[in-house]
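Scroll down for the structure; my scribbles are underneath it.
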Amino acid sequence: MARAIEIYDTTLRDGTQAENFNLSVEDKVRISVALDELGIDFIEGGWPGSNPMSVDYFEKIKKISLAHAKIAAFGSTRHWGNNVEKDPNLLAMIKAETPAITIFGKSWDIHVTDALKIDLDKNLEIIGDTLAFLKTYVDILIYDAEHFFDGIKNNEEYALATLERAISGGADTIVLCDTNGGTLPHEMGFILAKVKEFIATIGAQVTLGIHSHNDSETAVANALLAVDYGLDHVQGTINGYGERCGNANLTSIIPALVFKMG
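Per our numbering, the sequence shown starts with residue 43, numbered consecutively.
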(Lines of atoms letter the chains of each structure in order from A; the text may use other names.)
(Lines give C-alpha, C1' and ligand atoms only; values in the text may rest on other atoms or scores of the structure.)
Protein backbone atom coordinates (compact mmCIF):
# COMPACT_ATOMS: atom_id res chain seq x y z
CA MET A 43 0.00 0.00 0.00
CA ALA A 44 1.26 3.50 -0.87
CA ARG A 45 2.52 5.68 1.98
CA ALA A 46 0.36 8.57 3.09
CA ILE A 47 2.32 11.82 2.86
CA GLU A 48 1.00 14.77 4.87
CA ILE A 49 0.74 17.95 2.78
CA TYR A 50 1.05 21.16 4.77
CA ASP A 51 0.22 24.40 2.96
CA THR A 52 1.74 27.68 4.14
CA THR A 53 0.50 29.93 1.32
CA LEU A 54 -1.49 32.06 3.77
CA ARG A 55 1.60 32.78 5.86
CA ASP A 56 4.89 32.11 4.06
CA GLY A 57 3.34 32.73 0.65
CA THR A 58 2.29 36.25 1.60
CA GLN A 59 5.94 37.17 2.14
CA ALA A 60 6.29 37.24 -1.66
CA GLU A 61 6.53 40.69 -3.19
CA ASN A 62 3.12 42.30 -3.91
CA PHE A 63 1.22 39.25 -2.65
CA ASN A 64 -1.47 40.52 -0.28
CA LEU A 65 -4.55 38.68 0.94
CA SER A 66 -7.61 40.03 2.72
CA VAL A 67 -9.31 38.04 5.47
CA GLU A 68 -12.00 37.06 2.97
CA ASP A 69 -9.33 35.92 0.51
CA LYS A 70 -7.70 33.76 3.17
CA VAL A 71 -11.00 32.14 4.11
CA ARG A 72 -11.86 31.39 0.45
CA ILE A 73 -8.40 29.94 -0.15
CA SER A 74 -8.71 27.80 2.98
CA VAL A 75 -11.97 26.32 1.71
CA ALA A 76 -10.41 25.64 -1.71
CA LEU A 77 -7.35 23.99 -0.14
CA ASP A 78 -9.65 21.80 1.94
CA GLU A 79 -11.54 20.75 -1.19
CA LEU A 80 -8.19 19.91 -2.81
CA GLY A 81 -7.43 17.51 0.04
CA ILE A 82 -4.63 19.45 1.76
CA ASP A 83 -3.98 18.02 5.23
CA PHE A 84 -2.84 21.16 7.07
CA ILE A 85 -3.45 24.85 6.32
CA GLU A 86 -1.19 27.30 8.13
CA GLY A 87 -3.34 30.33 8.87
CA GLY A 88 -0.62 32.67 10.11
CA TRP A 89 0.39 34.33 13.38
CA PRO A 90 -2.75 34.68 15.52
CA GLY A 91 -1.53 37.63 17.60
CA SER A 92 0.44 39.52 14.97
CA ASN A 93 -2.32 41.88 13.77
CA PRO A 94 -6.12 42.35 13.86
CA MET A 95 -6.56 40.72 10.42
CA SER A 96 -4.97 37.50 11.68
CA VAL A 97 -7.24 37.48 14.72
CA ASP A 98 -10.25 38.03 12.43
CA TYR A 99 -9.20 35.16 10.14
CA PHE A 100 -8.94 32.66 12.98
CA GLU A 101 -12.32 33.75 14.35
CA LYS A 102 -13.97 33.34 10.94
CA ILE A 103 -12.34 30.04 10.00
CA LYS A 104 -13.47 28.51 13.31
CA LYS A 105 -17.06 28.90 12.12
CA ILE A 106 -16.47 26.99 8.88
CA SER A 107 -16.70 23.21 8.83
CA LEU A 108 -13.80 21.88 6.77
CA ALA A 109 -14.13 18.36 5.40
CA HIS A 110 -10.51 17.30 5.76
CA ALA A 111 -7.92 20.02 6.40
CA LYS A 112 -6.73 21.01 9.85
CA ILE A 113 -5.96 24.68 10.48
CA ALA A 114 -2.59 25.39 12.11
CA ALA A 115 -1.69 28.50 14.07
CA PHE A 116 1.94 29.54 13.68
CA GLY A 117 4.40 31.25 16.00
CA SER A 118 7.78 31.23 17.66
CA THR A 119 9.06 29.69 20.85
CA ARG A 120 8.61 31.92 23.88
CA HIS A 121 10.67 35.07 24.27
CA TRP A 122 13.72 34.35 26.41
CA GLY A 123 12.55 36.88 29.01
CA ASN A 124 9.01 35.49 29.38
CA ASN A 125 7.51 32.60 31.28
CA VAL A 126 5.44 30.35 29.03
CA GLU A 127 2.26 31.15 30.96
CA LYS A 128 2.61 34.88 30.21
CA ASP A 129 4.12 34.87 26.73
CA PRO A 130 1.67 36.81 24.50
CA ASN A 131 2.63 34.88 21.37
CA LEU A 132 1.89 31.51 22.96
CA LEU A 133 -1.34 32.74 24.53
CA ALA A 134 -2.55 34.08 21.17
CA MET A 135 -1.98 30.68 19.56
CA ILE A 136 -3.92 28.95 22.30
CA LYS A 137 -6.75 31.47 21.96
CA ALA A 138 -7.00 30.71 18.23
CA GLU A 139 -8.28 27.22 19.19
CA THR A 140 -6.86 25.45 16.14
CA PRO A 141 -6.45 21.67 15.83
CA ALA A 142 -2.73 22.14 15.19
CA ILE A 143 -0.04 24.56 16.34
CA THR A 144 3.27 25.00 14.55
CA ILE A 145 6.14 26.43 16.57
CA PHE A 146 9.50 27.40 15.14
CA GLY A 147 12.72 27.53 17.11
CA LYS A 148 16.41 28.16 16.60
CA SER A 149 18.62 25.34 15.30
CA TRP A 150 21.64 27.35 14.17
CA ASP A 151 23.94 28.11 17.08
CA ILE A 152 25.03 31.46 15.65
CA HIS A 153 21.42 32.68 15.75
CA VAL A 154 21.19 31.74 19.40
CA THR A 155 24.39 33.48 20.49
CA ASP A 156 24.45 36.42 18.06
CA ALA A 157 20.77 37.17 17.37
CA LEU A 158 18.98 36.11 20.56
CA LYS A 159 22.15 36.77 22.58
CA ILE A 160 21.49 33.89 24.96
CA ASP A 161 23.54 30.79 25.69
CA LEU A 162 22.94 27.53 23.87
CA ASP A 163 21.51 25.68 26.86
CA LYS A 164 18.98 28.47 27.42
CA ASN A 165 17.67 28.00 23.89
CA LEU A 166 17.23 24.27 24.52
CA GLU A 167 15.27 25.11 27.66
CA ILE A 168 13.07 27.53 25.69
CA ILE A 169 12.31 24.92 23.03
CA GLY A 170 11.44 22.26 25.58
CA ASP A 171 9.22 24.28 27.89
CA THR A 172 7.42 26.03 25.02
CA LEU A 173 6.34 22.75 23.46
CA ALA A 174 5.51 21.14 26.80
CA PHE A 175 3.26 24.10 27.65
CA LEU A 176 1.41 24.06 24.32
CA LYS A 177 1.04 20.28 24.23
CA THR A 178 -1.80 20.38 26.75
CA TYR A 179 -3.83 22.78 24.60
CA VAL A 180 -3.65 21.27 21.11
CA ASP A 181 -4.22 17.95 19.35
CA ILE A 182 -1.26 18.17 16.95
CA LEU A 183 1.99 19.95 17.81
CA ILE A 184 4.44 20.62 14.97
CA TYR A 185 7.98 21.90 15.47
CA ASP A 186 9.68 23.76 12.63
CA ALA A 187 13.45 23.59 13.10
CA GLU A 188 14.37 26.96 11.58
CA HIS A 189 17.61 27.09 9.57
CA PHE A 190 18.19 23.44 10.46
CA PHE A 191 20.40 22.63 7.49
CA ASP A 192 22.66 25.63 8.11
CA GLY A 193 22.71 24.72 11.77
CA ILE A 194 23.74 21.10 11.32
CA LYS A 195 26.51 22.10 8.91
CA ASN A 196 27.90 24.50 11.51
CA ASN A 197 27.35 22.54 14.74
CA GLU A 198 25.93 19.07 14.21
CA GLU A 199 25.75 18.11 17.87
CA TYR A 200 23.80 21.21 18.82
CA ALA A 201 21.38 21.13 15.89
CA LEU A 202 20.48 17.54 16.72
CA ALA A 203 20.14 18.45 20.40
CA THR A 204 17.45 21.00 19.50
CA LEU A 205 15.46 18.25 17.79
CA GLU A 206 15.77 15.98 20.81
CA ARG A 207 14.56 18.76 23.10
CA ALA A 208 11.57 19.43 20.84
CA ILE A 209 10.68 15.75 20.86
CA SER A 210 10.97 15.51 24.64
CA GLY A 211 8.76 18.60 24.87
CA GLY A 212 5.99 16.77 23.04
CA ALA A 213 6.33 17.53 19.33
CA ASP A 214 4.30 15.16 17.16
CA THR A 215 6.08 16.26 13.98
CA ILE A 216 9.60 17.61 13.49
CA VAL A 217 10.07 19.66 10.33
CA LEU A 218 13.59 20.23 9.01
CA CYS A 219 13.69 23.71 7.45
CA ASP A 220 16.08 24.81 4.71
CA THR A 221 15.19 28.40 5.52
CA ASN A 222 17.91 29.96 3.38
CA GLY A 223 17.23 27.61 0.48
CA GLY A 224 20.93 26.94 0.06
CA THR A 225 21.06 23.17 0.49
CA LEU A 226 21.71 21.11 -2.64
CA PRO A 227 20.28 17.61 -3.12
CA HIS A 228 23.56 15.78 -2.52
CA GLU A 229 23.88 17.57 0.84
CA MET A 230 20.21 17.03 1.64
CA GLY A 231 20.43 13.26 1.36
CA PHE A 232 23.51 13.07 3.55
CA ILE A 233 21.91 15.21 6.27
CA LEU A 234 18.56 13.40 6.17
CA ALA A 235 20.33 10.08 6.68
CA LYS A 236 22.11 11.54 9.73
CA VAL A 237 18.86 12.82 11.21
CA LYS A 238 17.07 9.52 10.70
CA GLU A 239 19.94 7.66 12.34
CA PHE A 240 19.84 10.08 15.29
CA ILE A 241 16.07 9.73 15.72
CA ALA A 242 16.43 5.95 15.71
CA THR A 243 19.27 6.13 18.25
CA ILE A 244 17.17 8.08 20.77
CA GLY A 245 14.20 5.78 20.15
CA ALA A 246 11.79 8.56 19.25
CA GLN A 247 8.44 7.94 17.57
CA VAL A 248 7.88 11.13 15.62
CA THR A 249 6.86 12.18 12.13
CA LEU A 250 9.64 13.88 10.16
CA GLY A 251 8.94 16.63 7.64
CA ILE A 252 10.66 18.98 5.19
CA HIS A 253 10.27 22.73 4.55
CA SER A 254 12.41 23.84 1.62
CA HIS A 255 13.00 27.22 -0.03
CA ASN A 256 13.94 27.77 -3.64
CA ASP A 257 16.99 30.06 -3.55
CA SER A 258 19.09 27.35 -5.22
CA GLU A 259 16.21 26.21 -7.49
CA THR A 260 16.08 22.90 -5.62
CA ALA A 261 13.04 23.28 -3.32
CA VAL A 262 10.87 20.76 -5.17
CA ALA A 263 13.77 18.37 -5.75
CA ASN A 264 14.72 18.51 -2.07
CA ALA A 265 11.13 17.92 -0.95
CA LEU A 266 10.77 14.87 -3.20
CA LEU A 267 14.17 13.59 -2.10
CA ALA A 268 13.07 13.92 1.54
CA VAL A 269 10.02 11.75 0.82
CA ASP A 270 12.30 9.22 -0.86
CA TYR A 271 14.36 9.18 2.35
CA GLY A 272 11.26 8.32 4.36
CA LEU A 273 9.99 11.71 5.54
CA ASP A 274 6.19 11.77 5.69
CA HIS A 275 5.33 15.48 5.94
CA VAL A 276 5.94 18.09 3.22
CA GLN A 277 5.45 21.83 3.58
CA GLY A 278 5.09 24.24 0.67
CA THR A 279 2.91 26.83 -1.03
CA ILE A 280 0.63 26.94 -4.03
CA ASN A 281 2.64 27.98 -7.12
CA GLY A 282 5.74 28.28 -4.93
CA TYR A 283 4.84 31.75 -3.66
CA GLY A 284 7.10 32.91 -0.85
CA GLU A 285 9.88 35.11 0.37
CA ARG A 286 12.84 35.84 -1.94
CA CYS A 287 12.86 33.04 -4.56
CA GLY A 288 9.84 31.28 -3.09
CA ASN A 289 8.93 28.08 -1.30
CA ALA A 290 8.58 24.51 -2.51
CA ASN A 291 5.80 24.46 -5.09
CA LEU A 292 2.97 22.18 -4.00
CA THR A 293 1.43 22.25 -7.48
CA SER A 294 4.57 20.44 -8.65
CA ILE A 295 5.10 18.27 -5.58
CA ILE A 296 1.58 16.84 -5.26
CA PRO A 297 1.31 15.40 -8.81
CA ALA A 298 4.88 14.10 -8.57
CA LEU A 299 3.98 12.25 -5.37
CA VAL A 300 0.74 10.89 -6.82
CA PHE A 301 1.77 9.97 -10.36
CA LYS A 302 5.52 9.44 -10.12
CA MET A 303 6.09 8.18 -6.58
CA GLY A 304 2.68 6.89 -5.49
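Glycine residues also receive a C-beta, built at the ideal position from the N, C-alpha and C atoms.
Worksheet item: Should Leu218 and Phe240 be called a contact, given that it needs their Cβ atoms to be closer than 7 Å?
Response: Working through the sequence shown from its first residue, we reach residue 218 at position 176. Working through the sequence shown from its first residue, we reach residue 240 at position 198. Result no, Cβ atoms of Leu218 and Phe240 do not sit closer than 7 Å.
Item to complete: Would you mind giving the Cβ-Cβ distance between Ala109 and Asp69, rounded to the nearest angstrom? I have them listed as a contact below 8 Å.
Response: Residue numbering aside, residue 109 sits at position 67 when the sequence shown is read from its first letter. Residue numbering aside, residue 69 sits at position 27 when the sequence shown is read from its first letter. The Cβ separation is near 20 Å, so there is no contact.
Worksheet entry | Endpoints, alpha helix (DSSP H) assigned at Ala203 | Looking up residue 203 in the sequence shown gives position 161. 198-211 is the span of the alpha helix (DSSP H), which, as asked, contains Ala203.
Discussion item. Taking the alpha helix (DSSP H) that Val75 belongs to, which residues open and close that run?
Written reply: By one-based count along the sequence shown, residue 75 stands at place 33. Unbroken alpha helix (DSSP H) run through Val75: 67-80.
Worksheet item: Can you name the start and end residues of the alpha helix (DSSP H) that Ile296 belongs to?
Response: Taking the first residue of the sequence shown as 1, we reach residue 296 at position 254. Start and end: 292-297.
Discussion item. Give me, in chain order, the residues of the same chain whose beta-carbon lies closer than 8 Å to that of Met43; leave out the 5 immediate sequence neighbours on both sides.
Written reply: By one-based count along the sequence shown, residue 43 stands at place 1. Note that Met43 has pLDDT 45, beneath the 50 cutoff, so the model's placement of it is unreliable and the number below is only indicative. Closer than 8 Å at Cβ, skipping near neighbours: no residue.
Worksheet item: Ends of the beta strand (DSSP E) at His253?
Response: Numbered from its first residue, the sequence shown carries residue 253 at position 211. Start and end: 249-254.
Worksheet item: What is the DSSP secondary structure of Val217, counted as helix, strand or coil?
Response: The residue you call residue 217 lines up with position 175 of the sequence shown. Of the three classes helix, strand and coil, the one that applies to Val217 here is strand, per DSSP.
Worksheet entry | Residue from Gly211, Ala263, Asn222 with nearest C-alpha to Gln311 | Residue 311 is absent from the model: the chain starts at 43 and stops at 304.
Item to complete: Count the CB pairs spanning the region 157-164 and the region 126-138 that are closer than 8 Å, and state whether there are at least three.
Response: no
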